[in-house]
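Note that the protein sequences, when read in sequence, are chains A and B. Numbered by the working numbering, the letters in the first sequence go through residues 1 to 228 in order. Numbered by the working numbering, the letters in the second sequence go through residues 1001 to 1061 in order. Take a look at the structure set out below.
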Amino acid sequence: MREKLVIGLAVAAGLLLAYNLYHIFLVLPDEALQGAIYRIIFFHVPAAITGMTGYFVALLLSVAYLSFGNLRYDSLAASVVEVSVVFSMVNIVTGSIWARIIWGIWWTWDYRLTSALVCVLIFSGYLMLRRAIDEPTQRARLSAALCVFGCIDVVIVWKSIEWFRTQHPGPVLSIRTGGGHIDPAMERLLYLNFVAILMIAVALVLIRTRQEATAREIDSLRRMANAV
Amino acid sequence: MDARNFTFMFYGFLAAWLIVLLYVISLARRGARLKKELEQVKQLAGAGRSGEQARIEDRIR
């Protein structure tokens, strides 16, 4: 069942991506000042939203673990965080390549960029912490606490372009500005690409969760073998 | 399509997919390692259980 769902999601994401890429390269008009490079936004922004959505889901799962103590919530949170870190890295790297052309620099310690980097570092720390602790309940409790703490930074990342007007462009999506900052056709493709990338992320989380379940099975079999 | 900065746009798309691809490869490798480990531990647990069973049978005799 899980394999079928993963394959279904991958196929749907592939078809939607093909449709999106056709429109991104061949249908959408050019941006007057930036040339072709502006098209990076169609991966930069959806990757950022996918990462932040993942961190929010991981926050809910971590709170659920702290409330109910079920280790399944913990392994699901770990899987979601791992995939979210990957998409946050896509966001930072694509943003840096865009900045090299538009700002003339690869990186600057602007509030949005710095908070996004800190976010990746916090959640990479979360993944390293999990490798360092063998005892499952202690690992789950500390990871959940770190995830809750890390999500404070996610809010800062989200709001930083409203709170501090520095190098990074301000909000453009109409859900935040009420409209008028981006061409509706471009915005529609941003959302469509978000859906495609989200489907890929969900498929990866499903694969990762299966691996977490296998690791738990290995742990319990090892304990059983040691007891015998 | 406007060809200005096309090379850097290509690098951006390449970098995005390369990061995802590297993660997928790492997932596949981890999956294969876990599968192998599970088989080994299952064999170990099976051997342990049959040894314990033999000891119990000896005691009964």
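Quick reminder that beta carbons are idealized off the backbone N, C-alpha and C, glycines included.
Best match in the options for proximity to residue i [C-alpha to C-alpha]
i         : options                                   : result
A:PHE25   : B:MET1009, B:LEU1018 and B:LEU1038        : B:MET1009
A:GLY51   : A:ALA132, A:SER88, A:TRP158 and A:ILE102  : A:SER88
A:VAL86   : A:SER124, A:VAL154 and A:VAL27            : A:SER124
A:ILE7    : A:ARG223, A:VAL205 and A:GLU212           : A:VAL205
B:LEU1038 : A:ALA227, A:ARG222 and A:ASN226           : A:ARG222
A:TRP109  : A:SER160, A:VAL155 and A:THR137           : A:SER160
B:ILE1019 : A:TRP106, A:THR137 and A:VAL90            : A:VAL90
A:LEU5    : A:ILE207, A:TRP103, A:ALA213 and A:GLU135 : A:ILE207
A:VAL57   : A:TRP106, A:ALA77 and A:MET199            : A:ALA77
A:THR114  : A:ARG131, A:VAL154 and A:VAL148           : A:VAL154
B:PHE1006 : A:GLU31, A:VAL11, A:ARG2 and A:LEU17      : A:GLU31
A:VAL81   : A:LEU16, A:ALA225 and A:LEU59             : A:LEU59
A:LEU146  : A:PRO29, A:ASN226, A:TYR126 and A:LEU16   : A:TYR126
A:MET186  : A:LEU16, A:LEU28, A:LEU17 and A:MET1      : A:LEU28
B:LYS1036 : A:ASN226, A:ILE218 and A:ALA227           : A:ILE218
A:LEU234  : A:ARG130, A:VAL195 and A:MET224           : Any question about residue 234 of chain A goes unanswered here, given that chain A covers just 1 to 228.
Burial state of residue i, where buried means 16 or more other Cβ atoms lie within 10 Å
i         : result
B:GLY1012 : buried
B:SER1026 : exposed
A:GLY95   : buried
A:ASN20   : buried
A:ARG188  : exposed
A:TRP163  : exposed
A:SER79   : buried
A:TYR22   : exposed
A:GLU212  : buried
B:TRP1017 : exposed
A:ARG178  : Note that residue 178 of chain A corresponds to Gly in the displayed sequence, not to Arg. A:GLY178 comes out exposed.
B:ALA1032 : exposed
B:LEU1021 : exposed
B:ALA1003 : exposed
A:ALA18   : exposed
A:ALA227  : exposed
B:ALA1045 : buried
A:LEU190  : buried
Beta-carbon proximity list for residue i, same chain, < 7 angstroms, skipping 5 on both sides
i        : result
A:ILE133 : ARG139 and LEU142
A:ILE92  : ALA116, LEU117 and VAL120
A:ASP183 : none
A:GLN34  : ILE102
Neighbourhood of residue i by C-beta, 8 angstroms cutoff - its chain only, sequence neighbours within 5 removed
i         : result
A:ILE197  : ALA13, PHE43, PRO46, ALA47, THR50 and PHE87
A:LEU9    : MET199, ILE200, VAL202, ALA203 and LEU206
A:ARG216  : LEU71, SER75 and PRO136
A:TRP107  : SER96, ALA99 and LEU113
A:ARG130  : ALA78, ARG139 and SER143
B:ALA1028 : none
Close-in-space but distant-in-sequence residues of the same chain around residue i (CB under 6 angstroms, 5 per side omitted)
i         : result
A:ILE101  : ILE37
A:HIS181  : VAL172
A:THR166  : ASP110 and TYR111
A:PRO169  : none
B:GLN1043 : none
A:ALA144  : SER62, TYR65 and LEU66
B:VAL1041 : none
A:LEU192  : ASN20
A:TYR73   : LEU61, ALA64 and TYR65
A:ILE152  : none
For residue j and residue i, believed in contact at Cβ under 8 angstroms, the rounded distance
i        : j         : result
A:SER75  : A:GLY54   : Not really, about 15 angstroms apart at Cβ, beyond 8 angstroms.
A:ILE97  : A:ILE40   : 7 angstroms
A:ILE122 : A:GLY150  : 4 angstroms
A:VAL209 : B:LEU1034 : The identity of residue 209 of chain A in the sequence shown is Thr, whereas the question assumes Val. Actually they are not in contact, since the Cβ atoms of A:THR209 and B:LEU1034 sit about 12 angstroms apart, beyond 8 angstroms.
A:LEU61  : A:PRO136  : The Cβ separation is near 15 angstroms, so there is no contact.
Could you tell me which uninterrupted alpha helix (DSSP H) segments, each at least 4 residues in length, are contained entirely in the stretch 158 to 185 of chain A, listed from first to last along the chain?
174 to 177
Start-end ranges of the alpha helix (DSSP H) lying completely within the stretch 61 to 109 of chain A, minimum 4 residues
71 to 102
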